[in-house]
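Novice: Below is a structure I'd like to ask you about.
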Amino acid sequence: MMTVEASALSLRQLLPLSLEERAKLIMAHGAMDLARSVHTLEQDGLTVPKDLQERIAWAVAWNIDAGGSKLAEDTALRRVRDYRHQWSLDTTWEKVWRELTAPLEGSKTGPNRMLLDELALSVLCEQREEWQPEASRPLDLGLADDALDFVYKRDNGKVIGFLRKKFRNWTDELEELAQEAWEGIIKRYWSTESRRRFLGLSKISSLVCTAAENKGKDILRKQKRQGKQVSLEQSGSHPGEESGTPLSELIGVEIDPGEQIMMEELRQRLDECMQALSPHQQIVAQLIWLQERPAKSVAEQLRVSEPAISQRVKKARESLRACLEHHGYRMFDR
Numbered sequence: 153m154m155t156v157e158a159s160a161l162s163l164r165q166l167l168p169l170s171l172e173e174r175a176k177l178i179m180a181h182g183a184m185d186l187a188r189s190v191h192t193l194e195q196d197g198l199t200v201p202k203d204l205q206e207r208i209a210w211a212v213a214w215n216i217d218a219g220g221s222k223l224a225e226d227t228a229l230r231r232v233r234d235y236r237h238q239w240s241l242d243t244t245w246e247k248v249w250r251e252l253t254a255p256l257e258g259s260k261t262g263p264n265r266m267l268l269d270e271l272a273l274s275v276l277c278e279q280r281e282e283w284q285p286e287a288s289r290p291l292d293l294g295l296a297d298d299a300l301d302f303v304y305k306r307d308n309g310k311v312i313g314f315l316r317k318k319f320r321n322w323t324d325e326l327e328e329l330a331q332e333a334w335e336g337i338i339k340r341y342w343s344t345e346s347r348r349r350f351l352g353l354s355k356i357s358s359l360v361c362t363a364a365e366n367k368g369k370d371i372l373r374k375q376k377r378q379g380k381q382v383s384l385e386q387s388g389s390h391p392g393e394e395s396g397t398p399l400s401e402l403i404g405v406e407i408d409p410g411e412q413i414m415m416e417e418l419r420q421r422l423d424e425c426m427q428a429l430s431p432h433q434q435i436v437a438q439l440i441w442l443q444e445r446p447a448k449s450v451a452e453q454l455r456v457s458e459p460a461i462s463q464r465v466k467k468a469r470e471s472l473r474a475c476l477e478h479h480g481y482r483m484f485d486r
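Count along the sequence shown from 1, add 152, and you get the number used in our numbering.
Written out as structure tokens, the structure reads:
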């Protein structure tokens with residue numbers, strides 16, 4: 153079978169082959185394009201490993217059916233999950249490859265850019281070793297971090313600009329919304345526990361823009377649901393109560409805990425004020441105050457520094473205090 157050219161095969165004919173066989177066919181068929189993508193990354197100033205072409209070919213081979221794993225059948229993952237869901241099984245590999253190497257429309261990052269370049273960059277960002285050919289293990293995570301920094305700096309401005317057009321009434325929240333989208337994309341595609349692999353069917357910036365837009369729409373929907381604040385009521389309790397430290401004490405509200413009616417009113421007002429927090433502040437408040445997670449653990453999950461987490465907690469507390477003061481509650485210094 154290995155003497156057959158990949159261009160002569162259909163997806164249906166490629167499926168029974170092992171990952172190794174597919175990757176070798178793809179390497180032979182697309183050697184020039186793969187080398188070009190690697191050269192593009194080098195021109196962008198990135199340091200690339202010597203085996204990156206093989207890793208890209210392996211990723212493309214893996215994407216045909218998500219490596220034959222259960223990921224391809226995970227109904228919780230909406231959208232296209234592998235190339236079988238993008239093209240019919242009778243599609244020739246030549247056609248698939250032609251689309252992967254098509255020039256990017258409206259690209260301002262340089263001439264002759266193609267989708268395969270985005271896939272190559274994504275592969276360089278990957279940190280999940282079991283998705284790589286054995287010869288490429290262990291991965292150089294320093295190079296992966298450099299690639300993540302590069303794609304964030306390159307594309308974050310595009311994401312912010314996109315959000316400004318979509319959510320014209322939002323101002324301060326846009327950067328936090330974009331950051332939250334990036335954190336989700338990094339966790340899903342480029343962490344050691346990634347669940348999905350980037351297919352190279354769009355620009356990376358488009359992927360992040362879609363994630364950010366969906367998060368923004370979710371926030372708008374939740375804001376319309378009175379009394380259904382996700383940060384509090386989905387958990388069935390209020391932040392701090394499981395440890396015996398109510399949120400009112402955490403943020404410094406002057407109120408007698410024995411006054412049941414006043415405490416219930418405060419609960420309702422806290423729900424409203426929590427919902428008014430920015431997306432980032434809501435997430436951190438949920439993890440730190442409700443789930444009682446240490447700052448280090450939250451920082452690792454969100455892939456930010458501990459000082460950044462402390463700053464978000466501080467801002468969330470200040471926002472809640474200001475909201476409650478606006479509604480007539482007296483605050484004490486903590």
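Yeah, the Cβ is synthetic: ideal placement off N, Cα and C, and Gly gets one too.
Taking 8 Å as the cut-off, decide whether the C-beta atoms of residue 338 and residue 455 are in contact.
Specialist: yes
Novice: Looking only at its chain, what residues have a beta carbon closer than 7 Å to the beta carbon of residue 256, apart from the 5 residues adjacent to it on each side?
Specialist: Closer than 7 Å at Cβ, skipping near neighbours: 265, 266, 267, 355.
Novice: Closest to residue 428 by CA distance: which of 475, 438, 205 is it?
Specialist: 475
Novice: Taking DSSP's pairing of strands, which residues face residue 162 in a bridge?
Specialist: 244
Novice: Using a Cβ-Cβ cut-off of 7 Å (strictly less than) and excluding sequence neighbours within five positions of residue 164, which residues of its own chain qualify?
Specialist: 241, 242
Novice: Below 7 Å, is the gap between the Cβ of residue 214 and the nearest heavy atom of the ligand HEM?
Specialist: Of the ligands one can find in the structure shown there are none, so the ligand HEM has no counterpart to examine.
Novice: Starting from residue 308, follow the alpha helix (DSSP H) in both directions and report where the run begins and ends.
Specialist: 293-318
Novice: For residue 393, I'd like the list of residues in its chain whose CB is within less than 7 Å of its CB, leaving aside the five on either flank, ordered along the chain.
Specialist: Its pLDDT being 40, under 50, residue 393 is placed unreliably by the model, and the measurement read from it follows with that caveat. Once the five neighbours on either side are set aside, residue 393 has no close Cβ partner at all.
Novice: Under three-state DSSP, which class holds residue 459?
Specialist: Assigned with DSSP and collapsed to three states, residue 459 falls in helix.
Novice: Let me know if residue 170 comes out buried or exposed under the rule of 16 or more other beta-carbons within 10 Å of its beta-carbon.
Specialist: Exposed, because fewer than 16 other Cβ atoms sit within 10 Å of the Cβ of residue 170.
Novice: At which residues does the alpha helix (DSSP H) containing residue 342 begin and terminate?
Specialist: Here residue 342 belongs to no alpha helix (DSSP H), and DSSP marks it neither H nor E.
Novice: Quick check on this structure: which residue in 189, 246, 274 has the alpha carbon closest to the alpha carbon of residue 357?
Specialist: 274
Novice: Counting C-beta neighbours from all protein chains within 10 Å, is the total for residue 437 16 or more, i.e. buried, or is it exposed?
Specialist: Result: buried.
Novice: Please classify residue 476: does DSSP put it in a helix, a strand, or coil?
Specialist: helix
Novice: In terms of residues, what are the limits of the alpha helix (DSSP H) holding residue 215?
Specialist: 204-215
Novice: Taking C-alpha atoms, which residue in 464, 449, 477 lies nearest to residue 425?
Specialist: 477
Novice: Using the C-alpha atoms, what's the distance from residue 359 back to residue 319?
Specialist: 18 Å
Novice: Find the nearest neighbour of residue 218 within the set 290, 346, 269, judged by alpha-carbon distance.
Specialist: 346
Novice: What does the Cβ neighbour count give for residue 379, buried or exposed, with the cut at 16 atoms within 10 Å?
Specialist: Because residue 379 sits at a pLDDT of 38, beneath the cut-off of 50, its placement in the model cannot be relied upon, and the point is left open.
Novice: For the candidate residues 272, 371, 316, whose alpha-carbon lies nearest to that of residue 296?
Specialist: 272
Novice: What are the partner residues of residue 266, as DSSP defines its beta bridges?
Specialist: The partner list for residue 266 (beta bridge, DSSP) reads 255.
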